[in-house]
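Chains as they are written, first to last, in our numbering: chain C, 21 to 317; chain Y, 21 to 317.
Right under this line is the structure:
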């Protein structure tokens, strides 16, 4: 199967499971469940869930078992986007070409929809019905990894520094590195680590997958920074050049565009090197690493 | 030990543990950790954690083992207060006599501090270092209970209906019951259920503690509604009469003050009846149920 078809197939698997796992719009209170589903189904590429499935496969696990955790990861990713878009934060009216959650449902429901998605993720990760095939100790380790990477030591911490750096004139490389490894990188790392844990990875495999996740996560965000400059508004589904307009801390800003491209490739190479101990079962992870830096949206 | 002294002693135990478990202000990013600690240490009575410890004792468990989960519960309670106080929600400038989180740190950091506290709660509940004495399956059951009671089927759902009912003119008893059992009741129930689970409750004990939690939770919120009318601003630490001014859905509004008082007592009696199968080891739970409807703040 070609990578493009593989990504579409896996995204469809995730979408079907999300549809099943998320509260239905017919359940009370309707408004919050509508808002949660609206944002989850607003066109995400399901990068994190797919990475989790691929990491599980790379260590010889059955990807079916990872689907609930992969959906939980997408719920956390979606909550972070809803809150990032709020007027008090980035104040974005559009996301992936659609009106943002607070534009459709109002600020209060958007805040609560984000809160509920974050909570629902941990409900799913601990659901006895959904996770019947996994050992409780393994599930706890996954919850620990995801919570650590999503909170103030991870994604939320990255968002704080990103916000506090915005428009600043003395942004240096260590600051951008902190933002990128935390705001985007942490959740991508958590996705592959969770996939490896649930797939039954041994210590050596887990260390390799962790290094892959760190490098791929950074490559992903640098590529995003570059796309913001080079992509068209239509391709990237939000205003092109918006990072520059806001004085966002990005790799192109501190290194220049050419050096940022070199860095993205270097991170991709590091991700690929981390997989050297795996055979063909890690090919999807390899293809995704290459795709991450070459994509146009 | 008198109840008052007992409550103070247990609250001090919780505060010491929270101080240890919460990220330190010296840890990066400082601003978010300062905001998280500010709101957690802004004068809460630690009702939910103390109920968890008392429920654990009632089933014969060691309360020391419950401290991390009790702290997680207080983090979730605090996150809900921070988000409830936001301008887009209740728009409150003061809470327990102190300026609210967004008044001190700004809206963006307040949103993120709430997010981080919610996430940190699940990090604590799954921490191998903090929960070493508990069986993984029991911890997962606790996470499941807490996440279910905190999310859109529980606390967040109650907040949504509360908000959507505000100022409405046709608020009926079922609506107020839905709001109270979800917005406040769910987390109080989760606290005692988690305490019982971690204390090693059998099925019969767990069912009794659950009924206690449901009744005590509702009694707590009805008493709160009454205090809003009868208490002074100084006693309750926020503007007295603010529920009435906002047209909030409350028991006194739909039943009148006298009938609301009768209902609070009836719920207290129900909570006490649920404990009949326990001996003196449940005395603290009994005292707390009485205290809940008789308190002045």
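Just so you know, even glycine gets a beta-carbon here, dropped at the ideal spot from N, CA and C.
Counting only runs of at least 4 residues, the region 27-73 of chain C fully encloses the following alpha helix (DSSP H) elements, listed from N- to C-terminal order: 50-60. Closer than 8 Å to the CB of residue 135 of chain C there is at least one CB belonging to chain Y. Boundaries of the alpha helix (DSSP H) harbouring residue 185 of chain Y: 175-185, taken from the DSSP string. Short of 8 Å from the beta carbon of residue 137 of chain C, and not among the five residues preceding or following it, lie these beta carbons of its own chain, in chain order: 56, 59, 60, 95, 96, 98, 99, 102. No residue range can be given for residue 296 of chain C, since it is assigned to no alpha helix (DSSP H) and is classified by DSSP as neither H nor E.
The secondary-structure analysis by DSSP pairs residue 114 of chain C across a beta bridge with C/119. Using beta-carbon distances, residue 48 of chain Y counts as an interface residue toward chain C, with a partner under 8 Å.
The beta carbon of residue 93 of chain Y sits closer than 8 Å to those of 68, 69, 72, 141, 166, 207, 210, 211, 214, all from its chain and outside the five residues before and after it, given in chain order. For residue 303 of chain C, the secondary structure class from DSSP, reduced to helix, strand or coil, is helix. Among the residues facing chain C, residue 142 of chain Y is included, as its CB has a counterpart in that chain under 8 Å away. Taking every protein chain shown into account, the CB of residue 29 of chain Y has fewer than 16 other CB atoms within 10 angstroms, so this residue is exposed.
By alpha-carbon distance to residue 246 of chain Y, the top candidate from Y/87, Y/278, Y/133 is Y/278. Linking residue 270 of chain Y to residue 291 of chain C through their CA atoms gives a straight-line distance of about 57 Å. The continuous alpha helix (DSSP H) containing residue 266 of chain Y extends over residues 262-266. Counting only Cβ-Cβ distances below 7 Å, residue 108 of chain Y has contacts in chain C at 127, 128, 131, in chain order.
Taking CB atoms only, residue 138 of chain Y has a neighbour in chain C less than 8 Å away. Residue burial annotation: residue 283 of chain Y is buried, with at least 16 other C-beta atoms found within 10 angstroms of its C-beta.
For residue 192 of chain Y, the secondary structure class from DSSP, reduced to helix, strand or coil, is coil.
Nearest in C-alpha terms to residue 178 of chain Y, of all of C/221, C/250, C/133, is C/133.
For the region 110-125 of chain C, there are no residues whose beta carbon sits under 7 Å from a beta carbon of chain Y.
Per DSSP, residue 230 of chain Y is one residue of the alpha helix (DSSP H) stretching across 223-250.
Contacts with chain C at 8 Å (Cβ-Cβ) include residue 164 of chain Y.
In terms of CA proximity to residue 263 of chain Y, Y/185 leads the group Y/185, Y/286, Y/217.
Annotated three-state conformation of residue 77 of chain C is helix, per DSSP. Residue environment for residue 180 of chain Y: buried (at least 16 other C-beta atoms within 10 angstroms of its C-beta). Per DSSP, reduced to three states, the secondary structure at residue 84 of chain C is helical. In the DSSP assignment, residue 135 of chain C falls within the alpha helix (DSSP H) that extends over 127-145.
Rounded to the nearest whole angstrom, the C-alpha separation of residue 193 of chain Y and residue 66 of chain C is 43 Å. At a cut-off of 8 Å between beta carbons, residue 177 of chain C contacts chain Y. Here the region 215-222 of chain C lies against the region 76-92 of chain C, with 3 or more beta-carbon pairs under 8 Å apart. Residues of the region 177-201 of chain Y with a C-beta atom less than 9 Å from some C-beta of chain C are 177, 178, 179, 180, 181, 183, 184, 198, listed in chain order.
A distance of 8 Å or more separates the beta carbons of residue 288 of chain Y and residue 304 of chain Y. By alpha-carbon distance to residue 107 of chain C, the top candidate from C/91, C/118, C/127, C/265 is C/127. Taking 8 Å as the CB threshold, residue 172 of chain C lines the interface with chain Y. Judged by beta-carbon spacing, residue 162 of chain Y lies beyond the 8 Å limit of residue 139 of chain C, meaning their Cβ atoms are not closer than that value.
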